[in-house]
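Trainee: Numbering (numbering that gives the first Met the number 0), first residue to last: 0 to 1062.
Sharing a structure, written as structure tokens. Questions coming.
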Amino acid sequence: MLNVSILVAAHDRETVQHIATLLQDAGYPAPATASSASDAVRKIKDLYPGLVIIETTLRKKNDGVEAIKKIKKSLEVPVIYLASQDTPEPFRLARGSDPLGYLPLPVTQGELCIAVEAALRCVAAEKKLREVEKLRKSREDLNRAQAVAHTGNWRLDVRKNELLWSDEVYRIFGISVGTPLTYESFLAAVHPEDREFVDRSWQAALSGTPYDIEHRIVTGPEVKWVRELAELELDKDGSLRGGFGIVQDISERKRMEEALREKTNEIENFFSISLNLMCVADTAGYFRRLNQSWVTLLGYSLEELMERRFLDFIHPDDVPSTLDAIDRLACQEAVVNFVNRYRSKDGAYRWLEWYAQPSGDIIYAAALDITDRKKAETALLSSEENLKRELSTSRTLADLSQTLISSDLTIQQISVEVFNHARNLTGSRHGYAAYIDPETRESVAYHLTEMMGGECEIAAPDRRVAFPSGPDGRYPGLWGHALNTRALFYDNDARRHPSAKGTPPGHVPIERFLCVPALIGDTLLGNIALANPSRDFNDHDLEIVKRIADLYALAIQRVHYEIALEEANETLEQKARERSQQLYQTNDKLIREIEERKKAEEALRRSEFKFRTVADFTYAGEYWVDALGNYIYVSPSVERITGYRPDEFMADRDLLTNIVHRDDREKFINHIHDEYNAREPREIDFRIIRKDGAVRNIAHVCNPVYGEAGEFIGRRASNRDVTVQRQAEIRLREGEEVANALINTPTEPVLLTGTDGTIIDANDELVKRLGRKRKDIIGTSMYDIISEDMVLPRRNKIDAVLKAGNALRFEEGSGENWFDTIIYPVCDHQGMITKLAIFSHDITEMRRMQKDIMAISELERRRIGQELHDSLGQKLTGIGFLAEALKQTMQEKSYPEVADIEEIIYNVTDSIDHARKISSGLWSERFESYDAVQALEELAADTRNLFKIACLFNYEIAKPIKNKTVVTNLYYIARESVNNAIKHGKADLIELTLKEDDEQIYLKIENNARSAAGEFEKKKGIGLRIMRCRAAIIGGTVDAGSDKKGFAVFVAIKKEFIRNYLD
């Protein structure tokens, strides 16, 4: 007899009481009672009885049946109908409510007990069947879950030596399900090399050691890795009764670990043997690992480098930029082509160029020593600037020299020309050019800049300022120091100079001062004084002004000679007139003869005067020798050139030969010998030693002179001082030699070409790499020595340099080879680009290293995804099974917290789904078979399922985009944009559009977010920087902005970059 609550409902109280009495007499508990349909429904809902005995008609026809049908819509209750009618209609209506039996009224105790007991047995059987079915489904779910997780469970009965496995364990071990097993048969499946270890671990577990091991098993030809965990079950007396555990197939994880280990060993070997500086550091500023190249380059030991922060080794000027680079790395942004300087142990600094990739707080980086390249670039630019400056200065001085030599200028005009050139070439704001009056020894200036409220400014032709010397013949002040000592000097703190006397009130303060005396030999002819440029004077300024002062001295001397000659001519004419008058008075008879002679003499004098005037005032040194080699005439200019007076040459016919430089003397003597035998003009260049010991370069031209009868009567020679021109030529040659040395210094290829690509010069490194002779390379086109696919891009870069006039740095590649190339424009003296200097640095190894670092990052992402799937996902699955079992137990015991456990199960299931999707997102290998459309369609679907928002994807692509690098980075750019829109902008509508044209691929990610726009437009968010970094890898750009609809991210990728560098 089953003990269960019963409800009896009938229209007649006596009938209800009669049935209740019969039930109680039979041993059943007192039933609840009802006399109407509504009362029966209410009590069924409140009491939920185990059996309802109800009359088909209570107060209305068949209302008992209708009441049961109504209640069964929400509650499943067993029912037995009572019927007092003889017609079958009540039974026909009752069949629709699935009754368990019928009793006619009046009812006997036997009939009642049989019907009730049969109904209760039927209810119990149905309940048992439901529980069995539920257990069967639960077991099927468990088997499916274990198959998905590759995890099974087992139980060991030690006393029976019986081992029970779940279906998944059988599948893992490759044994037919249901095969009887023992501990020994389990050991037989273990790999022979691991068998002793497994048995030893199990025996240790019997002593209390945790049983959590990994080992191999052999399943036919296949070897698998499994992980086992177990808990032992002990009797009350502590003896082993059995154990329960799980087996997990970890073969895939082991294969990945082995692949990662092989890759790590490969990278480790590369790390150790690389000539580049390789390191692993952290964002706190410390090295964690370094290769031996650091010791070789900087001289420190590895311990010295790692025990201090790496900022301690960086040049102070580079610390701020290095800190900024560390901040970018801390924000997970890669740093490329970053340059700073590291201090070597000997105190010298080395230039390093960096490539760094972050991974959390860890920085993987490689550096290239570019010190030699930096020095070469700096020296080349400096040499080019020096050459340009020297050429400009030489042209200016040549123009000034030509003006002073060829023009009939006064001393005042000469002073103005000289001062203006000196001031412009040095950038001085104040100063003057003065000459020394031969009679008064005053320093006379015709041109003075404004230095004292207008009182010192002189520019009118009839005004001058004279600075007298003191009683002792010495000149005062700073300007007097140069005149007194005959020494040129400059001082950038002029007020502290020993000769400084201060300035009168209202005078411009003299801060920087330069003064050069104008000398010929020891004779002081004038000086040039300059003051207050916007920068400090330097040795170059002093050299320029010295060269101008030399020209100034020659011009002053020329003017002095012209004045002296004019006075001498006037005296000669006066004496001639007096002599003529005396002869006229003495002998009147000879008047005609005297007149004729006078006319002849006058003609001869005028002819001689003309020659001497031309010879005396020419800038070159002129002389005339007779047929025997004796000097007939020597011009005054010879003294300016040689330091010797004309009369000294007249007195010593060998003087010129003696002052010729000893290295040129034999050549000069041969020339003198030949010129007496030759009857045509001859030229020769030689050097002389001036009287003051200075060496001057002479350009010598000589011509034969013939008499009226055609006889040879001597030779006339002209000697020009070309020292300035020769020095300029020497400097130019030296500059070319320096440039050649600089070209050949770098250990990377360097080219000097014309604007059309014709090779003008090539350094030794390029000659060595090409394996050809330099003469075979020069004159050919540089496009013949680079790969065909690099020709068009190189031409475009050169066109850009020629158009902009600026140096251009870019990367170019062919196949697996990559180069960091710099093209410098080289201008002529007119500023026109005539040549191109091309430096190419091989960065193939750095690119390979970048790929290795990206591979490490990819492996780490895969490992994390695998851990999420194998560890977290399986643990969550186990928790879900336990929670489901707990729910069943709580339902059986009618705990009110069943709703809470259902919420827990829902959240666990949702977490498992999240973990799987995150794991899938981290696993980029699936992109091997994806094109861009498939990857973005999957992203849109995942977004809709995961976040429950609208996410649309549209595309207009003629040909599938299958490049893995492009597909992977497009996917992650889009995913980053989608995550930002949802996380920061709270978007609930996202649309992805993929399009293309002939040149580019476009991806647009639009959303209806508002608040995310500010973060992107500030361009400080890490999300945008990550997207731009990924876009740069595939040759693209990223822009972001807001409009009326919301916010959008625009990605543009050049197809040319994909074809050249990724396909």
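By construction, the Cβ of each residue, glycine as well, lies at the ideal position given by its N, Cα and C atoms.
Which residues does DSSP pair with M277 in a beta bridge?
Mentor: A365
Trainee: I640 lies in the alpha helix (DSSP H); which residues open and close that run?
Mentor: S636 to T641
Trainee: If I18 and I67 are in contact, beta carbons under 8 Å, what's the gap, nearest whole angstrom?
Mentor: Separation of the CB atoms of I18 and I67 is rounded to 17 Å, and the pair is thereby denied contact status at 8 Å.
Trainee: Would DSSP call S606 helix, strand or coil?
Mentor: Any reading at S606 is ruled out, since the residue's pLDDT is 46, under 50, leaving its predicted position unreliable.
Trainee: Return the chain-ordered ranges of every alpha helix (DSSP H) run that is complete within the stretch 318-390 and spans a minimum of 4 residues.
Mentor: Runs found: 318-329.
Trainee: What is the DSSP secondary structure of L155, reduced to helix, strand or coil?
Mentor: strand
Trainee: Could you tell me which residues DSSP puts in a beta bridge with C701?
Mentor: R681 and A716
Trainee: What separation, rounded to the nearest whole angstrom, lies between the Cα atoms of L991 and Y1001?
Mentor: 11 Å
Trainee: Which parts of the stretch 186-238 are runs of the alpha helix (DSSP H), unbroken and 4 residues or longer, counting only runs that do not cross its ends?
Mentor: 191-205
Trainee: Name the two residues that bound the continuous alpha helix (DSSP H) containing H480.
Mentor: G476 to T484
Trainee: Given H190, which residues of its chain have a CB within under 8 Å of its CB, disregarding the five upstream and five downstream residues?
Mentor: H214, R215, I216, V217 and V222
Trainee: List the whole-angstrom C-beta distance separating I527 from A619, where the pair is believed to meet the contact cut-off of C-beta under 8 Å.
Mentor: Actually they do not touch by this definition, with Cβ atoms about 25 Å apart.
Trainee: For K963 and S928, I'd like the C-alpha separation in whole angstroms.
Mentor: Between K963 and S928, the C-alpha separation is close to 8 Å.
Trainee: Do V415 and Y445 have their C-beta atoms closer together than 8 Å?
Mentor: yes
Trainee: Pick out whichever of T779, D45, N1059 and N657 has its Cα sitting closest to the Cα of I687.
Mentor: N657
Trainee: Can you have a look at L791 and say buried or exposed, based on whether 16 or more other CB atoms are within 10 angstroms of its CB?
Mentor: exposed
Trainee: Under 8 Å, do L162 and Y182 count as touching if we go by C-beta distance?
Mentor: yes
Trainee: DSSP three-state label for R440, please.
Mentor: coil
Trainee: How would you label P532, buried or exposed, when you count the other beta carbons within 10 angstroms and need 16 or more for buried?
Mentor: buried
Trainee: Quick one: what does DSSP say T107 is sitting in, helix, strand or coil?
Mentor: coil
Trainee: In terms of residue numbering, what span does the alpha helix (DSSP H) encompassing L297 cover?
Mentor: Q291 to L297
Trainee: Should R58 be labelled buried (16 or more other beta-carbon atoms within 10 Å of its own) or exposed?
Mentor: exposed
Trainee: From G520, L301, P516 and L99, pick the residue whose C-alpha is nearest to that of D691; which is it?
Mentor: G520
Trainee: With 16 other CB atoms within 10 Å as the buried threshold, where does A1011 fall?
Mentor: Per-residue confidence for A1011 stands at a pLDDT of 48, beneath the threshold of 50, marking its modelled position as unreliable; the derived number appears in the next sentence. Classification for A1011: buried.
Trainee: Give me the Cα-Cα distance between A599 and Q573, rounded to the nearest whole angstrom.
Mentor: With a pLDDT of 44 at A599, under the threshold of 50, the predicted position of this residue should be treated as unreliable, and no value is reported.
Trainee: How about the stretch 355-365 and the stretch 373-390: do they share at least three Cβ pairs that are nearer than 8 Å?
Mentor: no
Trainee: Just tell me which of H506, L951, D760 and I785 has its CA closest to the CA of G778.
Mentor: D760
Trainee: Is F1049 helix, strand or coil by DSSP?
Mentor: strand
Trainee: Does the distance from the C-beta atom of G706 to that of I631 stay below 8 Å?
Mentor: no
Trainee: How long is the line joining the alpha carbons of E54 and A124, rounded to whole angstroms?
Mentor: 25 Å
Trainee: For L513, list the residues DSSP reports as bridge partners.
Mentor: Y489 and L529
Trainee: I'd like to know whether the C-beta atoms of I79 and L99 end up nearer to each other than 8 Å.
Mentor: It is a contact, given that the beta carbons lie within the stated cut-off.
Trainee: Just verifying my parser: in three-state terms, what is the DSSP assignment at P824?
Mentor: Here P824 carries a strand assignment [DSSP, helix/strand/coil].
Trainee: On the DSSP bridge list, what partners appear for C950?
Mentor: I989
Trainee: Can you tell me which residues form a DSSP beta bridge with D760?
Mentor: L751
Trainee: Assuming the contact rule is C-beta atoms closer than 8 Å, L769 and I758 should be a hit. Round their C-beta distance to whole Å, please.
Mentor: L769 to I758, Cβ: 11 Å. No contact.
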